[in-house]
Amino acid sequence: MASDPETAKECREEGEILKRVASNCIENTGGLFVAVEGDDEKYAADFPDLCSRCGIPVRELDPKEARELEPTLSPKVIAAYEVEDASIDPFMLSIANIDQALSLGCFLLCHTRVVGFECRDRRIRTVHLKNTKTGEDIIVEAEQVVNATGAWAGEVAALAGISIDLLYSKGSLLITDNRIATRVVNRLRPSSDGDILVPGGTVSLLGTTSIRIDSLDDIRPTIEEMDNIIDQCAAATPVLKKTRYIRAYSGVRPLVASKSAGDDRSVSRSFSLLDHVRDGLENFVTITGGKLSTYRYMAEKTADLVCTRMGVSKPCVTRTEPLPSSETSRWTEPGLAPKEWIKKGEPEDLILCECEMVPRSVVDGIVTSIREQGGRADLKTIGLRSRIGKGTCQGAFCGVRITSYMYDEGELHAGEGLSDLRRFLNERWKGIRPILWDGSLIQEELQEAMHCGLFGLEL
Amino acid sequence: MSDSNTIKFDVCIIGTGMAGMASALFAANRGLSTVQVGSTGEIMFASGFLDLLGVHPIEEKRSWDNPWEGIGELCKDIPDHPYARIEEQDVRAAFDEFLSFLQDAGLPYKRRNERNCLVITSLGTLKNTYCVPQTVWNGVEALETKKPCLLVDIRGFKGFSARQIAAALQGVWPDLRTARIFFPETEHMSEVYTEQMARALDSPQKREKLIAVVKPYVKDAQAVGMPAIFGMSRTSEVIADLSEGFGAPVFEIPTMPPSVSGVRLKEAFEERIPDKGVRLLSQGQVLSVHHGTDDYFVLDMGQETKERTIKARGIILASGRFLGKGLHADRKHIRETIFDLPVTQPPDRTLWHRKDFLDSRGHPINRAGLEIDDSFRPLDSTGHPAFKLLFAAGSILAHQDWMRMKCGSGLALATGFAAVQSFVSLCK
Chain A
1 MASDPETAKE CREEGEILKR VASNCIENTG GLFVAVEGDD EKYAADFPDL CSRCGIPVRE
61 LDPKEARELE PTLSPKVIAA YEVEDASIDP FMLSIANIDQ ALSLGCFLLC HTRVVGFECR
121 DRRIRTVHLK NTKTGEDIIV EAEQVVNATG AWAGEVAALA GISIDLLYSK GSLLITDNRI
181 ATRVVNRLRP SSDGDILVPG GTVSLLGTTS IRIDSLDDIR PTIEEMDNII DQCAAATPVL
241 KKTRYIRAYS GVRPLVASKS AGDDRSVSRS FSLLDHVRDG LENFVTITGG KLSTYRYMAE
301 KTADLVCTRM GVSKPCVTRT EPLPSSETSR WTEPGLAPKE WIKKGEPEDL ILCECEMVPR
361 SVVDGIVTSI REQGGRADLK TIGLRSRIGK GTCQGAFCGV RITSYMYDEG ELHAGEGLSD
421 LRRFLNERWK GIRPILWDGS LIQEELQEAM HCGLFGLEL
Chain B
1001 MSDSNTIKFD VCIIGTGMAG MASALFAANR GLSTVQVGST GEIMFASGFL DLLGVHPIEE
1061 KRSWDNPWEG IGELCKDIPD HPYARIEEQD VRAAFDEFLS FLQDAGLPYK RRNERNCLVI
1121 TSLGTLKNTY CVPQTVWNGV EALETKKPCL LVDIRGFKGF SARQIAAALQ GVWPDLRTAR
1181 IFFPETEHMS EVYTEQMARA LDSPQKREKL IAVVKPYVKD AQAVGMPAIF GMSRTSEVIA
1241 DLSEGFGAPV FEIPTMPPSV SGVRLKEAFE ERIPDKGVRL LSQGQVLSVH HGTDDYFVLD
1301 MGQETKERTI KARGIILASG RFLGKGLHAD RKHIRETIFD LPVTQPPDRT LWHRKDFLDS
1361 RGHPINRAGL EIDDSFRPLD STGHPAFKLL FAAGSILAHQ DWMRMKCGSG LALATGFAAV
1421 QSFVSLCK
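Residue numbers (our numbering), protein chains in the order written: chain A, 1 to 459; chain B, 1001 to 1428.
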């Protein structure tokens, strides 16, 4: 924040809006910034001033008070500040957005890749698509084309002959098997690896890293990153050295390059809205960079530009209209499925995922909604819309139970279920492999004994 | 120390998995006073199949019809594999002795001495194994001839779909039909469990009711497969009755672990091992162990605090890997948990596992474990036996990947057998 007051301000204003319009996707946790012995004391002392310059309310805490609020904090905390903060359920938020767009008449083409643009007379005439599962070719004619492909924005724009200079910064996170702190805990020091611990329902996330990469292929969390995050975060929250981890994951931040690029963290995390009129295409725009907490604002700015071009003058309403909570997006919330299952009191609704207690009815609902969105349900897509595969077993047992259930329901035929299960297990593996020691390694051995020793899935 | 809580034995077996159970049996059969310690948990996760050698080399996914030939190749290619230290006749003797124990315990197994057999799994894959519970045998024969077969699954029993098995196997066994039934007197229950159904079928009345439910579906089927529920202690009677009642031979398909096939093994051991004279202390952990001046090992046992002390001339360490807690890994190293013996392992964690879970080459960590001499004595850091009468058996041994090679039970039996033999000869 110290290095990026512009982003800090955007984030804060947008945070207020999101808490209003997407309140069910956001937990208003509050946050702490803490420095520990050895951290730069001057940096910590300057913090309140910087906050107030950005209009961010902050309250200084006595370290003892901070430890009363968050008992897992280290006794070595030397400075602590309380700020407003919140944690977002990104799965729920994404699905709720998709559902709302669909309800407004939008078409969603899942598993579909842009393979080219046909450009003529300073306009994109058609967009050429390919369904990566069926191989089907699709051609779309649109008045305006928005490139909102995140880290892939450069590759997609290049298909239209436009060059965007993007930097890729890989970031990794770990997920604990229970919730460590009630608030977001930030390390009060210049941005670096492993300085944030964020609660999310019944678990906590810790991270991140920032590693410049050249290619978007094969993005996965590494063991070095995990060890670094744990060692760094444990300085403020020592229990993280002993905590059981459930999985890890990686994502890529698209950063629009600036000339003075040094550390990737000094490249602005602010977003870029690129009007390609200047590149010779009048109906093409790219939105990239930014961060999840400004996603709505980015969309508003993009929509405003597109509307101006099309002569639409109505104001954007996502700032004021609540995002409807969709039935299908609810199940990503940790702890919700068991609560609802117990409330409903229908034991015949068998629990298929025992770690996260996801019953048959939830799987049914998700399968239906995927079908309505034009997709085909498999373990991965069901997992994205629920807690399935995210518990202690990481898919070893629930993957088998759900596969059987889907055969019974006629969703799977011939050997499809086995290929799907193999894919699902290999996908979960990306996030398990770097955290395999102690309890997770025991779980892994059981999984391998079953899936390889007994079922021979590797053969 | 020799208070009333101290008991003396010839040999102490640490571990209650397959290797521990087999070692205890072999020791007791040789007249050794034997104590076995550990918490009987993991054996429940056993599939019930006894693998000898299924696949080698694993990276070539080469399946062996004749496991003995496979072992010959394996020993040439991986001279450090524990099998390479055992004579074939001893492996055969270990199986004979172990199977005869299970037979006497009411848990008969079947095999073709010189060949592996193929079984179907609950997932719909085919598994190559050596010995199968008698309850599975009719399925092995039905699969060989691909005769018309009915697969039956049970309403309320999760993770087992007859339709899935038939669909996944349609290429190799087209003549599979499926049916779903209510298990008798569970119509009111939303979820049913295999152990509960298996115990119910120990009663002849329940069997009659099951026959009445399944019989209408049998029609022209010449074999009937069901999830593993054919009794807990009276499996032979259950198979005979159901086969007669259905008018077709029946067979079990073992279910996802922990399955009835694992529970039967656990119960057979726990009930019959003490009859052999083995003192089974299944609740205690080894809290500490040292080698006393009188040449006896002294083991303090208990849950959290010391409850009793055991003295034994020799120890067979069959404490398993990570699940069995014989090995433990932190972020940097793998340690042996009881004696802190050196563990052969990849140099660091980045080399423990491969990028893909299902990589057919297997994960290097699975070959980590204890080094041994030809007497199955684990070596210390100087490369010498750590103790004169400390032996190791089972999956804790290095240079094997039982999950990929499909050699878990064979490894447990053969190395347990070899360890006991070495103890006997070194004691002379």
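All residues carry an ideal CB built from backbone N, CA and C; glycine is no exception.
**OP:** Compute the Euclidean distance between the alpha carbons of His1363 (chain B) and Leu1323 (chain B), then round it to the nearest angstrom.
**Re:** Pairing His1363 (chain B) with Leu1323 (chain B), the inter-Cα distance amounts to about 16 angstroms.
Original post:
Hey, would you say Ile1253 (chain B) sits closer than 9 angstroms to Ile1181 (chain B), going by beta carbons?
Top reply: Cβ distance not < 9 angstroms, so Ile1253 (chain B) and Ile1181 (chain B) don't count as in contact.
Original post:
Does Ile442 (chain A) get closer than 9 angstroms to chain B when you measure Cβ to Cβ?
Top reply: Output row for Ile442 (chain A): interface = yes.
Subject >> Three-state class that DSSP yields for Phe1423 (chain B) in the structure shown >> reply: Three-state DSSP puts Phe1423 (chain B) in a helix.
Original post:
What three-state label does DSSP hand Gly383 (chain A) in the structure shown?
Top reply: Helix.
**OP:** Check the Cβ-Cβ distances between His1363 (chain B) and every residue of chain A, and say whether any is below 9 angstroms.
**Re:** Judged by the 9 angstroms Cβ criterion, His1363 (chain B) is in contact with chain A.
Subject >> Between the CA atoms of Asp1051 (chain B) and Gly1262 (chain B) - distance to the nearest angstrom >> reply: Taken atom to atom, the span from the alpha-carbon of Gly1262 (chain B) to that of Asp1051 (chain B) is near 14 angstroms.
Original post:
If you draw a straight line from the alpha carbon of Gly280 (chain A) to that of Lys170 (chain A), how long is it in whole angstroms?
Top reply: Taken atom to atom, the span from the alpha-carbon of Gly280 (chain A) to that of Lys170 (chain A) is near 32 angstroms.
Subject >> Validate contact between the region 1281-1301 of chain B and the region 1046-1066 of chain B using beta carbons, cut 8 angstroms, 3 pairs >> reply: No, because fewer than three Cβ pairs between the region 1281-1301 of chain B and the region 1046-1066 of chain B fall closer than 8 angstroms, the two stretches do not touch.
Original post:
How is Thr302 (chain A) classed by DSSP in three states: helix, strand or coil?
Top reply: Three-state result, Thr302 (chain A): helix.
Original post:
So, is the C-beta of Leu478 (chain A) closer than 9 angstroms to a C-beta in chain B?
Top reply: Given that chain A is displayed from residue 1 to residue 459, the structure contains no residue 478 (chain A) and the question cannot be resolved.
Original post:
Under 9 angstroms between C-beta atoms, does Val400 (chain A) make it to chain B?
Top reply: So, interface residue.
**OP:** Could you check if Pro1378 (chain B) is buried or exposed, using at least 16 other CB atoms within 10 Å of its CB as the buried criterion?
**Re:** Classified as buried, Pro1378 (chain B) has 16 or more neighbouring CB atoms from the shown chains inside 10 Å of its CB.
**OP:** Note the first and the last residue of the continuous alpha helix (DSSP H) segment covering Met1256 (chain B).
**Re:** Neither: Met1256 (chain B) is in no alpha helix (DSSP H) and is coded neither H nor E.
Original post:
Along chain B, which residues have their Cβ under 7 angstroms away from the Cβ of Glu445 (chain A)?
Top reply: Ordered by position in chain B, the residues that pass the 7 angstroms Cβ test against Glu445 (chain A) are Arg1321, Phe1322 and Leu1323.
Original post:
What residue range is occupied by the uninterrupted alpha helix (DSSP H) comprising Phe1246 (chain B)?
Top reply: Phe1246 (chain B) -> alpha helix (DSSP H) spans Thr1235 to Phe1246.
**OP:** Report the rounded CA-to-CA distance for Arg1115 (chain B) versus Pro1067 (chain B), giving the unit in angstroms.
**Re:** Their backbone Cα atoms lie some 6 angstroms apart in a straight line.
Original post:
Any idea what DSSP makes of Asn1138 (chain B), helix, strand or coil?
Top reply: Reduced to three states, the DSSP call for Asn1138 (chain B) is helix.
Original post:
Between which two residues does the alpha helix (DSSP H) containing Met1044 (chain B) stretch?
Top reply: Unbroken run through Met1044 (chain B): none, as it is neither H nor E.
**OP:** Quick one: grab the DSSP three-state call for Met1301 (chain B).
**Re:** Of the three classes helix, strand and coil, the one that applies to Met1301 (chain B) here is strand, per DSSP.
Subject >> Unbroken alpha helix (DSSP H) run spanning Ile1211 (chain B), endpoints >> reply: Counting along the chain, the unbroken alpha helix (DSSP H) around Ile1211 (chain B) starts and ends at Pro1204 to Val1218.
Original post:
Can you find a C-beta in chain B that's less than 9 angstroms from the C-beta of Met357 (chain A)?
Top reply: Interface flag for Met357 (chain A) against chain B is unset, since no Cβ pair is found closer than 9 angstroms.
Original post:
Over what stretch of residues does the beta strand (DSSP E) that includes Asn1430 (chain B) continue unbroken?
Top reply: With chain B running from 1001 to 1428 in the structure shown, residue 1430 (chain B) is simply not present.
Subject >> Partner residues on chain B for Leu425 (chain A), Cβ-Cβ distance less than 8 angstroms >> reply: Here the neighbours are Phe1357 and Leu1358.
Original post:
Between which two residues does the alpha helix (DSSP H) harbouring Gln232 (chain A) extend?
Top reply: Here the alpha helix (DSSP H) through Gln232 (chain A) covers Ile223 to Cys233.
Original post:
Hey, Arg1354 (chain B) and Cys452 (chain A): beta-carbon distance below 9 angstroms or not?
Top reply: It is not a contact, given that the beta carbons lie outside the stated cut-off.
Original post:
Cα separation between Tyr1130 (chain B) and Lys1146 (chain B)?
Top reply: It is roughly 20 angstroms from the alpha-carbon of Tyr1130 (chain B) to the alpha-carbon of Lys1146 (chain B).
Subject >> Close-in-space but distant-in-sequence residues of the same chain around Gly116 (chain A) (CB under 7 angstroms, 5 per side omitted) >> reply: Once the five neighbours on either side are set aside, the close Cβ partners of Gly116 (chain A) are His128 and Leu159.
Original post:
What did DSSP end up calling Asp40 (chain A) once you bin it into helix, strand or coil?
Top reply: Judged by DSSP in its simplified three-state form, Asp40 (chain A) adopts coil rather than helix or strand.
Original post:
Out of curiosity, what's the CA-to-CA distance linking Arg17 (chain A) and Leu1151 (chain B)?
Top reply: Note on residue identity: the sequence assigns Ile, not Arg, to residue 17 (chain A). Rounded to the nearest angstrom, the two C-alpha atoms are 57 angstroms apart.
**OP:** Below 9 angstroms between beta carbons is the criterion; list the residues of the region 1115-1134 of chain B that meet it against any residue of chain A, in chain order.
**Re:** Residues Thr1121, Ser1122, Leu1123, Gly1124, Thr1125, Leu1126, Lys1127 and Asn1128.
Original post:
Do you know offhand how far Thr1086 (chain B)'s Cα is from Ile342 (chain A)'s?
Top reply: Here residue 1086 (chain B) is Ile; the residue named in the question, Thr, does not match the sequence. Answer to the nearest angstrom: the Cα atoms are 56 angstroms apart.
**OP:** Could you list which residues in chain E have their beta carbon closer than 9 angstroms to that of Phe1045 (chain B), in chain order?
**Re:** Absent from the structure is chain E; the protein chains it does hold are A and B.
Subject >> Sequence-distant residues of its chain with Cβ nearer than 7 angstroms to Leu292 (chain A) (five each side left out) >> reply: Within the same chain, Leu292 (chain A) has close Cβ partners Ile88 and Pro90.
Subject >> Residues that DSSP places opposite Tyr1109 (chain B) in a beta bridge >> reply: In DSSP, Tyr1109 (chain B) forms a bridge with B:Pro1133.
Original post:
What residues in the region 1383-1417 of chain B bring their beta carbon closer than 8 angstroms to a beta carbon of chain A?
Top reply: The residues in question are Trp1402, Met1403, Arg1404, Lys1406 and Gly1408.
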